[in-house]
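Peer 1: Remember, this note's numbering sits 662 above the position in the sequence shown when you count from 1.
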Amino acid sequence: MKIGCAMIGQTPEIAPADRRLYALRDVTGTVEAIPLIAASIMSKKLAEGLNALVLDVKRGSGAFLPALEQSLELARTMITLGEDRGCPTVALLTAMDRPLGRACGNALETEEAILTLRGEGPPDLLEVTYALGSEMLLAAGIEKTSKKARQRLANALASGLAAEKFEQVIEAQGGNPKTLEDPSVLPQAKEVEVYAAPRTGVVTAVEPRTIGRAVVAMGGGRIKVEDEVDPTVGFVITVKPGDKVLAGEPIASVFARDPDGMKLGFEALERAIVVGDKLTEPALPLISHRVSQHGIEELTRPGSARTLHSPR
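(1) In this structure, does DSSP put K720 in helix, strand or coil?
(2) Could you spell out where the alpha helix (DSSP H) holding P870 opens and where it closes?
(3) Assuming R764 contacts P784 under a Cβ cut-off of 8 Å, what Cβ separation, rounded to an integer in Å, is found between them?
(4) Hey, which unbroken runs of the alpha helix (DSSP H) at 4 residues or more fall wholly within the stretch 731-763?
(5) Y792 bridges to which residues according to DSSP?
(6) Given R655, which residues of its chain have a CB within under 8 Å of its CB, disregarding the five upstream and five downstream residues?
(7) Kindly confirm or deny that the stretch 894-902 and the stretch 828-847 touch, where touching means at least three C-beta pairs closer than 8 Å.
(8) Cα separation between T807 and V716?
(9) Note down the Cα distance separating R738 from D718, rounded to an integer number of angstroms.
(10) Within its chain, find whatever has a CB closer than 6 Å to the CB of K810; leave out the 5 residues flanking it on each side and keep chain order.
(11) Cα separation between A945 and I935?
(12) Can you tell me which residues form a DSSP beta bridge with P912?
In structure tokens, the structure reads:
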């Protein structure tokens, strides 16, 4: 069945030297060297024989490179590599100073993606999806303007075409196609508890790095290569920085496989979700910059852009 898309991960046959180079970076203290990060990412992308590439580059406290200038440098470097190899490349800088969407964890994020394809997902996740999807339609030459590209995406969601295509992907890659109709067939956590706001006030931070590390510690990621991943564990966080909350109001749920995991989850939320009297620092723009071979555009508000300088 030809469906025109697939989800893949790196195999030993794709950029085989990358794993050895990463091991060397790990022991030489160069894991955060931007040229080597760019080479690692782009070697895998270009090995796939792409006609065009759209990159989502994160910035903010939860990103691998938190500072704006670092994120821009990484984006510029990857775009230069792509363009030099004949692959038109564009990058969007998106915020990771708070979790994207509400779900954090493998099965939970899968369910959230399904809900988004059905038009029921969180607005921030939908907005990033529209932005990246529009860039892909433009890069492929399917649409000529961002407005028309966005409308095509909206029509695909509203008509059910997007959900139908994802169902085809799942079936073609050996998954259960009924997941789209009934996300409850996904693996379920053994324990679920609600986390309440510790006080009345304003949410001043939802720290994504703390949340991500907690998911790994609870079993949702590997600490050692031989570790098994529990897809059921994680969090659903229903507040964002700037939201007003009341003491005792449910603001998150913890999904764990045992009482120890639940304890880890609650401790992480106590550190990650900060409630204060007022928001002292505004959250980063969800999508702040567009980077291409023509330069860097600062996306200050919907429909506006300002070229800052050339990426080279």
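Where a beta carbon is used, it is the ideal one built from N, C-alpha and C, also for glycine.
Peer 2: Quick answer:
(1) Three-state result, K720: strand.
(2) DSSP places P870 in the uninterrupted alpha helix (DSSP H) bounded by P870 to V877.
(3) Indeed they touch by this definition, with Cβ atoms about 5 Å apart.
(4) Runs of the alpha helix (DSSP H) inside the stretch 731-763: none found.
(5) By DSSP's assignment, Y792 forms no beta bridge with any residue.
(6) Shown here, the chain extends from 663 to 974; a query on residue 655 therefore has no answer.
(7) Short answer: they don't touch.
(8) Going by the C-alpha atoms only, they are around 16 Å apart.
(9) Rounded to whole angstroms, the separation of the alpha carbons of D718 and R738 is 12 Å.
(10) There are no such residues.
(11) A945 and I935: Cα-Cα distance of roughly 14 Å.
(12) A858.
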